[in-house]
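Reviewing the structure listed below.
Protein chains: 2
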Amino acid sequence: MATIYDVAARAGVSTATVSRWLAGQPVRAAAVIREAVEELGYSPSPMAQSLKSGRRGAIGVVVPDVTNPFFAAVVKGLEQASRGFGYHMLLANSDESSELEADILAELTPRVDGFILAPAHEQDLGPHALSEAGVPAVLLDREVSGGEAFDVVLVDNEGGARAAASHLVSLGHERIAMINGPTDTTPGRGRRAGFLAGLAEGDLALDPVYDMTGDFREESGRQITLQLLALPESPTAIFTANNLMTVGALKALRDMRVRVPDDISIIGFDDLSLGSLLQPPLTCIARPDVEQGALAMRLLLSRLTDGILDDGRHIVLNTSLLVRGSTRAPSAAHAPEIRPRLRARSGGATSE
Amino acid sequence: MATIYDVAARAGVSTATVSRWLAGQPVRAAAVIREAVEELGYSPSPMAQSLKSGRRGAIGVVVPDVTNPFFAAVVKGLEQASRGFGYHMLLANSDESSELEADILAELTPRVDGFILAPAHEQDLGPHALSEAGVPAVLLDREVSGGEAFDVVLVDNEGGARAAASHLVSLGHERIAMINGPTDTTPGRGRRAGFLAGLAEGDLALDPVYDMTGDFREESGRQITLQLLALPESPTAIFTANNLMTVGALKALRDMRVRVPDDISIIGFDDLSLGSLLQPPLTCIARPDVEQGALAMRLLLSRLTDGILDDGRHIVLNTSLLVRGSTRAPSAAHAPEIRPRLRARSGGATSE
DNA sequence: CTGAAAGCGCTTACAG
DNA sequence: CTGAAAGCGCTTACAG
Chain B
1 MATIYDVAAR AGVSTATVSR WLAGQPVRAA AVIREAVEEL GYSPSPMAQS LKSGRRGAIG
61 VVVPDVTNPF FAAVVKGLEQ ASRGFGYHML LANSDESSEL EADILAELTP RVDGFILAPA
121 HEQDLGPHAL SEAGVPAVLL DREVSGGEAF DVVLVDNEGG ARAAASHLVS LGHERIAMIN
181 GPTDTTPGRG RRAGFLAGLA EGDLALDPVY DMTGDFREES GRQITLQLLA LPESPTAIFT
241 ANNLMTVGAL KALRDMRVRV PDDISIIGFD DLSLGSLLQP PLTCIARPDV EQGALAMRLL
301 LSRLTDGILD DGRHIVLNTS LLVRGSTRAP SAAHAPEIRP RLRARSGGAT SE
Chain S
1 MATIYDVAAR AGVSTATVSR WLAGQPVRAA AVIREAVEEL GYSPSPMAQS LKSGRRGAIG
61 VVVPDVTNPF FAAVVKGLEQ ASRGFGYHML LANSDESSEL EADILAELTP RVDGFILAPA
121 HEQDLGPHAL SEAGVPAVLL DREVSGGEAF DVVLVDNEGG ARAAASHLVS LGHERIAMIN
181 GPTDTTPGRG RRAGFLAGLA EGDLALDPVY DMTGDFREES GRQITLQLLA LPESPTAIFT
241 ANNLMTVGAL KALRDMRVRV PDDISIIGFD DLSLGSLLQP PLTCIARPDV EQGALAMRLL
301 LSRLTDGILD DGRHIVLNTS LLVRGSTRAP SAAHAPEIRP RLRARSGGAT SE
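The listed protein sequences derive, respectively, from chains B and S. Position 141, counted from 1, in the first sequence is what full-length UniProt numbering calls 141; the numbers after and before it change by one each time, with no gaps. Position 335, counted from 1, in the second sequence is what full-length UniProt numbering calls 335; the numbers after and before it change by one each time, with no gaps.
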């Protein structure tokens with residue numbers, strides 16, 4: 001590989017001049033240098049440049065799981081927004097583990113100029129180590145306790161979950177279950193709070209037997225749904241707190257031959273790529289994903305390139321309720337008013 | 001940040017000794033050095049190390065689109081297989097564009113030790129530039145013409161597509177359409193060849209009006225399906241050549257209220273994450289994805305760490321036919337034998 | 001605008 | 001096993 005010395009020699013100037021030309025500064029020998037560069041096929045070594053300048057030219061992206069369509073979309077948004085700024089993306093999955101996340105951050109820190117991070121848990125220490133090291137980070141979809149100084153791009157978890165609750169309440173449901181994610185994550189905490197608030201507005205409380213916590217993965221959604229169906233008095237409606245758990249719940253429902261929405265209503269936080277193709281189509285709380293990634297990247301770039309040093313900026317994106325076919329009023333067999341009478345005879349259609 | 005000089009000074013040894021200790025070589029002052037490193041919170045600069053050693057510690061991953069669940073799974077496999085080897089992943093999307101791909105490769109080349117690449121088209125020049133530059137690359141899911149020297153991990157496109165054709169033929173279909181991807185991609189070429197072969201085994205040919213080519217994206221699957229449905233004699237079965245186009249086709253079918261499999265059968269290459277939840281569940285050609293990524297990474301690592309210099313190794317993964325509910329024998333109204341008679345009266349149920 | 005020179009933080013023959 | 005020294009390929013005050 002040709003070095004800057006080769007170019008300088010060939011062009012008959014000093015390496016300093018070549019370096020200036022590379023940086024776009026006005027240089028007398030511009031034409032000769034360009035020629036030498038082309039003939040030698042020269043391209044500067046990013047490693048050497050970084051060593052001198054301290055600029056790494058890379059951004060670390062750490063998400064729980066790229067396999068989750070939401071995060072895949074986020075990554076796409078990140079890339080779109082960063083195009084043309086000369087940064088590359090170092091991607092890693094934390095697999096929802098705070099330990100792995102901390103390791104990854106430590107590994108990546110000396111290699112990047114900043115981070116886009118969706119922390120596994122709100123108690124994660126990794127992000128704080130970052131701010132101590134002076135590496136800017138914007139938190140995506142999830143906050144961290146004591147992390148007010150970070151830029152954050154969130155979705156309106158409370159508002160979305162509240163809308164889900166209101167929707168179910170307005171349909172007449174009373175036996176309503178929530179399959180939530182860990183409450184030590186921002187989405188888990190926010191969606192729970194919002195859901196409880198929405199129920200409260202309908203003078204309902206979340207019955208402890210219907211108050212379930214999974215781990216945001218498909219399998220936990222499936223298992224918990226199975227548990228709910230096995231209850232002596234199973235719920236007439238379920239709110240699943242994210243896309244993957246919704247899929248798990250739907251699979252459990254199908255396996256148990258529970259009809260949606262006849263026997264049970266289901267509404268999920270996050271739309272599914274095939275949400276509109278399901279039978280019935282999924283009622284859900286939809287939200288931007290690619291845009292959320294793009295927004296986060298723009299915040300980071302503004303710190304990196306404009307040297308912005310404000311306090312943490314908070315952006316909260318709106319959700320929207322998509323009423324499709326998976327929710328409806330509870331069937332007569334489950335209607336609260338007549339439930340006791342019917343149950344004395346039938347034992348309840350869904351409790352088996 | 002502490003440098004190796006700080007550590008050396010504190011430990012009372014030379015930087016050479018510290019460097020050797022870092023590399024795991026036996027050193028007398030090991031204990032003192034360790035202490036100094038801990039007290040200073042020293043961690044070596046990867047940039048400086050790279051500049052000296054030439055080892056970049058990163059692998060470039062270039063795929064058409066991480067948003068495609070197949071590639072998201074592949075990326076997960078790549079990461080799993082590389083864990084513990086000390087490499088980081090630089091991820092970029094080519095967006096199915098050969099030009100963007102070439103730019104990305106040029107940008108990334110000086111920063112990585114090797115590439116995992118799913119080329120946009122078989123004529124791409126980018127990969128050849130790589131081998132000229134001496135940067136190892138393994139091709140994933142897609143080959144490149146004249147690229148016999150590359151390691152490649154493919155899926156059995158021919159076999160899978162042939163199985164799809166056989167399945168439809170065995171059900172009695174004759175008016176069979178294929179919605180393929182670009183034939184200048186390995187999957188497009190292979191799946192077409194396999195499908196034609198499968199039809200030929202049933203003494204059938206692919207009618208030119210049923211021989212469609214999209215771009216592997218959802219929207220093209222939708223558009224083409226609409227075109228097929230508008231045909232005076234629409235097909236009784238469709239084979240879609242990848243996951244995204246299958247989704248598009250299903251949406252078109254739903255929008256046009258065409259019943260599956262009553263009015264039309266559909267089989268896709270690639271399973272969908274919700275494939276089993278659809279009504280009817282999707283019949284498809286399934287294949288490994290995470291494993292394909294892991295395999296590709298192992299090939300690359302073997303070149304990188306063991307310095308293997310063999311000729312290109314080819315791995316072809318098997319597909320499996322998942323017969324679910326979206327395919328069945330053509331209905332009487334479409335049965336070839338009696339079609340002419342019926343059509344004289346009804347005009348055909350699906351042609352509207 | 002330009003060049004000589006120092007230095008970014010390491011690693012690695014070379015000599016001991 | 002260890003240290004002095006050169007050098008990886010750049011950039012950037014400094015002096016002109």
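Built from N, CA and C at the ideal position, the CB exists for glycine as well. Here the structure is a predicted model, which is why all the values come from computation and not from measurement.
Buried or exposed (CB count within 10 angstroms, at least 16 for buried), residue i
i                      : result
S320 of chain B        : exposed
M1 of chain S          : exposed
G41 of chain B         : exposed
A23 of chain B         : exposed
I309 of chain B        : The question names Ile, but residue 309 of chain B is Leu in the sequence shown. It is exposed - the Cβ of L309 of chain B has fewer than 16 other Cβ atoms within 10 Å.
residue 354 of chain B : Lying outside 1 to 352, the shown extent of chain B, residue 354 of chain B is not represented and no answer is given.
T109 of chain S        : buried
K52 of chain S         : exposed
I338 of chain B        : Annotation note: pLDDT 40 at I338 of chain B (below 50); position unreliable, coordinate value reported separately. Burial call: exposed.
S346 of chain S        : Bear in mind that the predicted position of S346 of chain S carries a pLDDT of just 37, short of 50, making it unreliable; the figure below should be weighed with that in mind. By the 10 Å Cβ count, S346 of chain S comes out exposed.
V323 of chain B        : exposed
T240 of chain B        : buried
Y87 of chain B         : buried
Y210 of chain S        : buried
T225 of chain B        : buried
E143 of chain B        : buried
S170 of chain S        : exposed
Proximity test, Cβ basis, 8 Å: residue i and chain S
i               : result
D156 of chain B : no
T236 of chain B : no
R55 of chain B  : no
S131 of chain B : no
T225 of chain B : no
V66 of chain B  : yes
M245 of chain B : no
S50 of chain B  : yes
A197 of chain B : no
P288 of chain B : no
CB contact check: residue i to chain B, cutoff 8 Å
i                      : result
residue 441 of chain S : This structure gives no information on residue 441 of chain S, because the portion of chain S shown stretches from 1 to 352.
E79 of chain S         : yes
V75 of chain S         : yes
S43 of chain S         : yes
A344 of chain S        : Bear in mind that a pLDDT of 37 at A344 of chain S, under 50, signals an unreliable position, so the number given afterwards is only what the model happens to contain. Not closer than 8 Å to any Cβ of chain B, the Cβ of A344 of chain S fails to qualify, so no.
S178 of chain S        : Reading off the sequence, residue 178 of chain S comes out as Met, not Ser. No, no contact with chain B.
A294 of chain S        : no
A118 of chain S        : no
M297 of chain S        : no
R111 of chain S        : yes
P46 of chain S         : yes
E352 of chain S        : In this prediction, E352 of chain S scores a pLDDT of 31, lower than 50, which makes its location untrustworthy; the coordinate-derived value is nonetheless stated afterwards. By this cut-off, E352 of chain S is not an interface position.
Pair within 8 Å by beta-carbon distance, residue i and residue j
i               : j               : result
F115 of chain S : I59 of chain S  : yes
T246 of chain S : G268 of chain S : yes
T186 of chain S : E291 of chain S : no
L253 of chain S : F216 of chain S : no
A329 of chain B : G172 of chain B : yes
R222 of chain S : G248 of chain S : yes
N93 of chain S  : K251 of chain B : no
G194 of chain S : R162 of chain S : yes
S97 of chain S  : A120 of chain S : yes
V138 of chain S : V153 of chain S : yes
I285 of chain S : A177 of chain S : no
E148 of chain S : G12 of chain S  : no
L299 of chain S : D113 of chain S : no
The region 265-283 of chain S: positions lying closer than 8 Å to chain B by Cβ: L272, S273, L274, S276, L277, L278, Q279
Every unbroken alpha helix (DSSP H) within the region 254-323 of chain B, with a cutoff of 4 residues, ordered by chain: 290-306
Residues in the region 247-261 of chain S having any Cβ partner in chain B nearer than 8 Å: Hits within the stretch, in order: V247, L250, K251, R254.
Every unbroken beta strand (DSSP E) inside the region 72-115 of chain S [3 residues or more]: 88-93
Members of the region 86-98 of chain B near chain S, C-beta cut-off 8 Å: H88, M89, L90, L91, A92, N93
Interface residues of the region 201-217 of chain B facing chain S [CB-CB below 7 Å]: none
Every unbroken beta strand (DSSP E) inside the region 188-223 of chain B [3 residues or more]: 211-213
Continuous beta strand (DSSP E) assignments of at least 3 residues falling wholly in the region 138-184 of chain S: 151-155, 176-180
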